[in-house]
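Participant: After the structure tokens below, expect a handful of questions from me.
Residue numbers (UniProt numbering): 1 to 247.
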């Protein structure tokens with residue numbers, strides 16, 4: 001049998017030249033394009049900025065020693081409203097609950113402050129807001145009283161141990177007896193002798209309490225200065241006090 005005719009061999013030099021677009025279309029698609037990656041990254045940043053975390057600069061000493069003047073804190077915006085517990089440190093918009101004139105401007109000053117502000121904006125957090133940071137002492141329905149025979153706050157009749165108070169401060173120089181309305185919380189600063197908190201607004205609408213809808217989120221950690229980096233604990237003894245009607 002005679003062998004068949006040999007197939008002609010193609011000269012590589014004579015092969016047709018493909019355009020860049022045609023060549024690219026034939027490359028294996030091993031992963032997303034850089035445009036898709038950029039889009040996903042932008043989406044993540046927007047989600048972080050809008051829904052997950054926000055940064056605040058604290059200029060006052062009303063939360064000493066937990067938060068010192070000049071601290072920058074991160075606020076978890078996923079923990080707010082009904083998910084709050086007694087003892088949580090929260091940031092809230094005090095416009096409707098506290099007099100707007102008393103809001104403390106959270107300004108970034110100096111080179112480091114401006115640098116932090118710029119860096120924070122890149123990762124989706126926000127500096128320069130005007131809001132309050134306090135600790136939740138009473139939840140909706142709680143009866144908060146100051147003070148008992150041992151000068152302690154009581155919540156629903158249970159004396160409260162407050163290890164977070166500034167050493168030397170009393171739980172309160174002002175006596176009060178309030179039942180927290182539905183949809184609101186009673187808040188106080190850890191530096192009780194230097195905190196304009198719920199006690200300062202007992203005569204205002206809401207009796208000094210803050211609407212849950214005004215709570216931006218729970219403060220989770222100090223991230224600046226580096227010497228003070230750390231998280232905020234929620235005292236279990238305060239958080240675990242039974243609610244009204246609970247056994």
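Beta carbons: idealized from backbone N, C-alpha and C, even for Gly. Treat the numbers as computed from the prediction; the structure is a model and nothing was measured.
Compare the Cα-Cα distances from residue 69 to each of 60, 76, 244, 75 and report the closest residue.
Facilitator: Along the chain shown, one-based indexing puts residue 69 at 69. Cα-wise, what sits closest to residue 69 is 60.
Participant: Just tell me which of 174, 142, 147 has its CA closest to the CA of residue 161.
Facilitator: The sequence position of residue 161 within the chain shown is 161, counting from 1. It is 147.
Participant: Am I right that residue 181 and residue 209 are in contact with their C-beta atoms under 8 angstroms? What's the rounded C-beta distance?
Facilitator: What you label residue 181 is simply residue 181 of the chain shown in a count that begins at 1. What you label residue 209 is simply residue 209 of the chain shown in a count that begins at 1. So it is a contact: roughly 6 angstroms between Cβ atoms.
Participant: If you reduce the DSSP assignment to three classes, tell me which class residue 220 lands in.
Facilitator: Mapped onto the chain shown, residue 220 falls at position 220. Looking at residue 220 - three-state DSSP - the assignment turns out to be strand.
Participant: Whole angstroms is fine: what's the gap from residue 174's alpha carbon to residue 203's?
Facilitator: For the purposes of this step, residue 174 is taken as residue 174 along the chain shown, with counting starting at 1. For the purposes of this step, residue 203 is taken as residue 203 along the chain shown, with counting starting at 1. Taking the straight line joining both Cα atoms gives about 13 angstroms.
Participant: With a threshold of 8 angstroms, are at least 3 pairs of Cβ atoms found where one atom belongs to the segment 82 to 100 and the other to the segment 183 to 201?
Facilitator: Touching, per the Cβ criterion.
Participant: How many Å lie between residue 239 and residue 223 at the Cα?
Facilitator: Position 239 of the chain shown, counted from the first residue, corresponds to residue 239. Position 223 of the chain shown, counted from the first residue, corresponds to residue 223. One C-alpha to the other measures close to 25 angstroms.
Participant: The beta strand (DSSP E) spanning residue 74 covers which residue range?
Facilitator: In the chain shown, the residue the question calls residue 74 occupies position 74. Element bounds for residue 74: 71 to 76.
Participant: Identify whether residue 177 lies in helix, strand or coil by the three-state DSSP scheme.
Facilitator: Here residue 177 refers to the residue found at position 177 of the chain shown. Correct three-state label for residue 177: strand.
Participant: Give the secondary structure of residue 61 by DSSP, where H, G and I count as helix, E and B as strand, and everything else as coil.
Facilitator: Position 61 of the chain shown, counted from the first residue, corresponds to residue 61. Reduced to three states, the DSSP call for residue 61 is coil.
Participant: Would you grab the beta carbon distance between residue 248 and residue 76 for me? Rounded to a whole angstrom, and I think it's under 8 angstroms.
Facilitator: There is simply no residue 248 to check, as the chain begins at 1 and stops at 247 in what is shown.
Participant: Between 138, 197, 80, which has its C-alpha nearest residue 63's C-alpha?
Facilitator: To locate residue 63, count along the chain shown from 1; it is residue 63. It is 197.
Participant: Measuring straight from C-alpha to C-alpha, what distance separates residue 65 and residue 166?
Facilitator: As a first step, residue 65 must be located in the chain shown, where it is residue number 65. As a first step, residue 166 must be located in the chain shown, where it is residue number 166. Rounded to whole angstroms, residue 65 to residue 166 spans 6 angstroms at the Cα level.
Participant: Compute every distance between the C-beta of residue 238 and the non-hydrogen atoms of the ligand ADP, then say whether any falls below 8 angstroms.
Facilitator: Of the ligands one can find in the structure shown there are none, so the ligand ADP has no counterpart to examine.
Participant: Classify residue 153 as buried or exposed, calling it buried when 16 or more other Cβ atoms lie within 10 Å of its own Cβ.
Facilitator: Sequence index remark: in the chain shown, residue 153 carries index 153 (1-based). By the neighbour-count rule (16 or more Cβ atoms within 10 Å), residue 153 is buried.
Participant: Can you list, in chain order, the residues of its chain with a C-beta nearer than 7 angstroms to that of residue 207? Leave out the 5 residues immediately preceding and following it.
Facilitator: What you label residue 207 is simply residue 207 of the chain shown in a count that begins at 1. 178, listed in sequence order.
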